[in-house]
Amino acid sequence: MGTTASPEPGDGRVRRRALTRAAVWATPVISVAAAAPAIAASFPPGLQGWTQWQRRCGFSTTTLTVDGNGPNNLVYPNDIYGFYVYYATSTTSLTNACMSFSYSPGYPAITWTALTGSGAGWSLPTLVPGTSTYRTCYSGPWTYVAASGSNPAYAITSQIPIFRGTTTISTCYSQAITIVRSVTVNGNVLSFTRTITI
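Note that numbering that gives the first Met the number 0 has the sequence shown beginning at 0, numbered continuously upward.
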């Protein structure tokens with residue numbers, strides 16, 4: 000038995016130098032379905048977000064915990080956790096915000112439950128038919144924050160996802176998980192991908 004915890008890799012905090020180079024989104028792999036209109040001093044909106052992952056192995060089950068608050072409730076701008084869009088204002092349209100978690104083919108089915116503090120706006124992760132991918136989407140409100148000092152304006156989901164998944168597996172081994180976030184901003188889809196091992 001044992002517990003393994005892992006944040007998503009890298010450092011997504013915004014720094015002034017990164018902003019001036021317009022390279023805030025260089026850490027994750029980004030794909031944009033269509034060119035987005037310029038917002039807030041000509042910078043395009045950019046999607047970011049981080050979660051804390053934990054795996055606990057038992058004799059016959061493995062428990063996975065996904066925490067959008069990170070350790071000690073370190074939600075942006077206090078730290079990097081949360082689901083947020085830079086250069087978004089109160090007039091920015093934000094819809095179809097989703098996260099998906101993909102496991103290796105053949106990984107045992109996972110049963111997900113919402114933990115205390117998880118916002119009702121986040122749906123329970125459900126299996127995408129024919130895949131080993133689980134998806135959760137957000138239908139709740141957003142909080143819009145004006146630019147301050149070196150921090151750009153941004154919008155963050157007002158509710159945080161916190162889920163626990165249980166699967167029947169007796170062998171405790173490291174698992175690569177591919178995490179994809181996406182959101183529609185003013186009609187244009189932004190997405191990015193990270194892969195972690197836990």
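A virtual CB, placed ideally from N, CA and C, is assigned to each residue, including glycine.
Does the Cβ of residue i have 16 or more other Cβ atoms within 10 Å, making it buried, or fewer, making it exposed?
i, result
"V127", "exposed"
"T142", "exposed"
"A145", "exposed"
"Y80", "buried"
"A91", "One point to set straight first is that residue 91 is Thr, not Ala, in the sequence displayed. Under this definition T91 is a buried residue."
"A154", "buried"
"G164", "buried"
"I176", "buried"
"P44", "buried"
In the structure shown, what three-state DSSP assignment does residue i receive?
i, result
"Q51", "strand"
"Y80", "strand"
"G45", "strand"
"A113", "strand"
"G186", "coil"
"S131", "coil"
Between residue i and residue j, which are expected to be in contact by the criterion C-beta below 8 Å, what is the C-beta distance as a whole number of angstroms?
i, j, result
"Q47", "Y85", "6 Å"
"S99", "R134", "4 Å"
Which same chain residues end up closer than 6 Å to residue i when comparing Cβ atoms and leaving out the 5 residues on each side of it in sequence?
i, result
"P107", "T166, T167 and I168"
- [ ] Report yes or no: do the segment 100-117 and the segment 53-70 share at least 3 C-beta pairs separated by less than 8 Å?
- [x] yes
TODO: Mind the definition here: the segment 114-124 touches the segment 151-167 only if three or more C-beta pairs lie below 8 Å; say whether that holds.
DONE: yes
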